[in-house]
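Going by the working numbering, the sequence shown wraps up at 544, each residue one higher than the last.
C-beta: ideal position from N, C-alpha, C; glycine also.
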Amino acid sequence: MPPTHEVTNQVPPLVGHDVAAYPPLLESLAREGAGWALDDLHALGRRAGGAEAQEWGRLAEKNHPVLHTHDRYGHRVDEVEFDPAWHQLMAVAIESGIHAAPWGDDREGAHVARAAKEFVWSAAEPGHICPISMTYAVVPALRANPDLAATYEPLLTASVYDFGLRAPATKRGLIAGMSMTEKQGGSDVRANTTTARPNSDGSYSLVGHKWFTSAPMSDFFLTLAQAPGGLSCFFVPRVLEDGTMNPIRLQRLKDKLGNRANASAEIEYDGALGWLVGEEGRGVRTIIEMVNMTRLDCTIGSATSMRLGTMQAVHHARHRHAFGRALVDQPLMRNVLADLALEAEAATYAAMRLAGATDRVTRGDESEAMVRRVALAVSKYWVCKRAPAHAAEALECFGGNGYIEDSGMPRLFRESPLMSIWEGSGNVAALDTLRAMAKQPESVEAFFGEVELAAGADSRLDDAVGRIRKDLTDLGDVEYRARRVVEQLALVFQGSLLVRHAPSSVADAFCGSRLGGDWGAAFGTLPVGVDTTTLIDRAGVEA
Ligand SMILES: Cc1cc2nc3c(=O)[nH]c(=O)nc-3n(C[C@H](O)[C@H](O)[C@H](O)COP(=O)(O)OP(=O)(O)OC[C@H]3O[C@@H](n4cnc5c(N)ncnc54)[C@H](O)[C@@H]3O)c2cc1C
2 MPPTHEVTNQ VPPLVGHDVA AYPPLLESLA REGAGWALDD LHALGRRAGG
52 AEAQEWGRLA EKNHPVLHTH DRYGHRVDEV EFDPAWHQLM AVAIESGIHA
102 APWGDDREGA HVARAAKEFV WSAAEPGHIC PISMTYAVVP ALRANPDLAA
152 TYEPLLTASV YDFGLRAPAT KRGLIAGMSM TEKQGGSDVR ANTTTARPNS
202 DGSYSLVGHK WFTSAPMSDF FLTLAQAPGG LSCFFVPRVL EDGTMNPIRL
252 QRLKDKLGNR ANASAEIEYD GALGWLVGEE GRGVRTIIEM VNMTRLDCTI
302 GSATSMRLGT MQAVHHARHR HAFGRALVDQ PLMRNVLADL ALEAEAATYA
352 AMRLAGATDR VTRGDESEAM VRRVALAVSK YWVCKRAPAH AAEALECFGG
402 NGYIEDSGMP RLFRESPLMS IWEGSGNVAA LDTLRAMAKQ PESVEAFFGE
452 VELAAGADSR LDDAVGRIRK DLTDLGDVEY RARRVVEQLA LVFQGSLLVR
502 HAPSSVADAF CGSRLGGDWG AAFGTLPVGV DTTTLIDRAG VEA
């Protein structure tokens, strides 16, 4: 058949670029003490933006995991089969030290370098970051049982991806998960009904179910269960020391909106053996150490999502023409792109500041622990909350092509609400900030101490800080108002970071929109006079 038309004005795929070439990330890396990781970060960035890793990401999501409950003879096997691309992604993440590696690395900034690498590598595929993140997060909680930590921490931090169901101590590298949520409640884990009966040898036998347990091929889970002394945290391996399977039954995998490369299972503990981590009755206190680390990763993941969406939108707008001009030269599109870029910058600055705080807290910095307490809670709420709206708008910059799977934007969009649900859904994250205020009032002052390092530099920021300080003098109906309060706190945190560290035009745009009042409810409503060129150029990459 003769050609009916010539294909024109379609955008070349964005591939072969360096994902790490993002000024807000690189500025933060240096500022937070991990400038030494720059070369590795760029190498990983080129790999993440390369054709091979992009294809792994596509395949891992398309060929999603399959559960095998039984073998051909009817024996239970409880295994999940993944596309080979999944294993490639996992191997690179672990070789790059995005898993638990910083816990075995004394260098200042090790947790910052790891956060930046996670930011960059999740551009290849976000789903596999779930087990990587949980493996990172499990270490501080596991240390509540020094014997278990002594045995397994070296294997968690090892840079080897060793997939398969074998006794953990016999493997060269381990992956960990967490098992808290039950059918009757995930936010309120005190309602857990899984029981843990003590055995004479110091172990416990767990009976019950978990409604969501991601990464079910993990080597062990930290699991909450009701012991005689109350809700407690247990180390529960998939395979016991003698090589037999611990009776943990994978019932089915969730059919999820997004995050499809990753497996999330419903599981049953049918007398599974577990070992106490922390004291009986202090399960939440113990596992919260893990949850706090994954909350950091939720914030990083949402910042990544916004950075990728903006990068793709800018690329599209530079190549696509309408009404005689490139989209990127149309004033209203410039407003949309700059607004998306600003949101991603602010999120990246906040996430990396929190990674820096985490690094310093692990070195015993108490004042950073206080700043982090509030700053993490408000950022987990706000940065994650912004991601879906951001992804939808970035997708729309592509027009109809953005709605089509090949563009990759539906994948970004499907993934985007998850970080806000995980590890404390929106309201729970907002209420966690109130809990910090009530139980550790000194953390609020530490937070304001951080924000007010920018005092006097921009009157719009000063006024916003004054308003939220005034709001907090009257705590009437504060639970009802929690989202509004937390949003304001998150915005002044971001504003302060940008005013102190970002180019002045970026900080000016933030204060003139998010803090100064002249801004609409949708993206693309920045006031006149914003330096859109700087914002758009910082968000774009050269392919
Ligand atoms: C893909 C996926 C993977 C997951 N993986 C895991 C995993 O590996 N391990 C695990 O343990 N869990 C996992 N979860 C579960 C997840 O952590 C929970 O879904 C989440 O904590 C919310 O719990 P829930 O679903 O029971 O909702 P609920 O607790 O019923 O909450 C429903 C809504 O009510 C709100 N809410 C709750 N309490 C209050 C309150 N006091 N005031 C106002 N609003 C409130 C919540 O914010 C939420 O919006 C996963 C979930 C998903 C979607």
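Item, Value
"CB of Ile422 to nearest heavy atom of ligand 1: below 7 Å?", "yes"
"Beta carbon of Asp189: closer than 7 Å to some heavy atom of ligand 1?", "yes"
"Leaving aside the five residues before and after Ala21 along the sequence, list all residues of the same chain whose C-beta is less than 6 Å from its C-beta, in chain order.", "Leu42, His43, Gly46 and Val121"
"Under the DSSP definition of a beta bridge, which residues are partnered with Cys385?", "None, per the DSSP bridge assignment."
"If I'm right that Ala510 touches Val529 with Cβ under 8 Å, what's the distance once you round it to whole angstroms?", "Wrong, their Cβ atoms sit about 11 Å apart, outside the cutoff."
"Between the Cα of Val93 and those of Glu119, Val78 and Asp107, spot the shortest distance and give me the residue it belongs to.", "Glu119"
"Report the residue from Leu516, Leu492 and Ala508 whose alpha carbon sits nearest the alpha carbon of Arg461.", "Leu516"
"Return the chain-ordered list of same chain residues with a C-beta closer than 6 Å to the C-beta of Arg321, the five sequence neighbours on each side being excluded.", "Val12 and Leu328"
"Kindly examine ligand 1 and report whether one of its heavy atoms sits closer than 7 Å to the Cβ of Leu419.", "yes"
"To the nearest angstrom, report how far apart His18 and Leu297 are at their CA atoms.", "27 Å"
"Counting C-beta neighbours from all protein chains within 10 Å, is the total for Ser188 16 or more, i.e. buried, or is it exposed?", "exposed"
"Given 7 Å as the limit, tell me if Lys381 has its C-beta closer than that to any heavy atom belonging to ligand 1.", "no"
"Say whether the stretch 257-271 touches the stretch 306-322, bearing in mind that this needs 3 or more beta-carbon pairs closer than 8 Å, one atom from each stretch.", "no"
"Give the straight-line distance between the Cα atoms of Gly518 and Leu536, rounded to the nearest whole angstrom.", "20 Å"
"Reducing DSSP to helix, strand and coil, say where Gly401 ends up.", "helix"
"Under 7 Å: does the beta carbon of Leu207 sit that close to some heavy atom of ligand 1?", "no"
"Less than 7 Å separating the Cβ of Ser134 from some heavy atom of ligand 2?", "In the structure shown, ligand 2 is absent; the only ligands present are ligand 1."
"Taking the straight line between their C-alpha atoms, what separation do you get for Arg485 and Glu280?", "37 Å"
"I'd like to confirm something about Thr214: is its beta-carbon nearer than 7 Å to some heavy atom of ligand 1, or not?", "yes"
"Which class does Asp79 belong to by DSSP, given the choice of helix, strand or coil?", "strand"
"Identify, in the order they occur along the chain, each residue of the same chain with its Cβ nearer than 7 Å to the Cβ of Ala392, setting aside the five sequence neighbours on each side.", "Ser306, Gly310, Leu413, Phe414 and Ser417"
"Could you check the C-alpha separation between Pro132 and Leu39 for me, to the nearest Å?", "25 Å"
"Using the C-alpha atoms, what's the distance from Glu154 back to Ala447?", "32 Å"
"Quick one: Cα of Trp104 to Cα of Asp72, how far?", "38 Å"
"I'd like to confirm something about Met179: is its beta-carbon nearer than 7 Å to some heavy atom of ligand 1, or not?", "yes"
"Do Leu157 and Thr171 have their CB atoms nearer than 8 Å?", "no"
"Could you tell me which uninterrupted alpha helix (DSSP H) segments, each at least 4 residues in length, are contained entirely in the stretch 411-494, listed from first to last along the chain?", "419-422, 427-440, 442-452 and 460-472"
"Below 8 Å, how does it come out for the stretch 280-294 and the stretch 243-263: are there three or more Cβ pairs, yes or no?", "no"
"Pull up the DSSP beta-bridge partners for Ser180, would you.", "Thr224"
"Which class does Gln55 belong to by DSSP, given the choice of helix, strand or coil?", "helix"
"Distance check for Val285 and Val384, CA to CA, integer angstroms please.", "25 Å"
"I'd like to check one pair, Val379 with Val237: are the Cβ atoms closer than 8 Å?", "no"
"Which class does Asp271 belong to by DSSP, given the choice of helix, strand or coil?", "strand"
"Consider the C-beta atom of Asn247 and the heavy atoms of ligand 1; say whether any pair is separated by less than 7 Å.", "no"
"Provide the residue(s) that pair with Thr359 in DSSP beta bridges, ordered along the chain.", "Bridge partners of Thr359: none, in fact."
"Between Gln495 and Ala347, is the Cβ-Cβ spacing less than 8 Å?", "yes"
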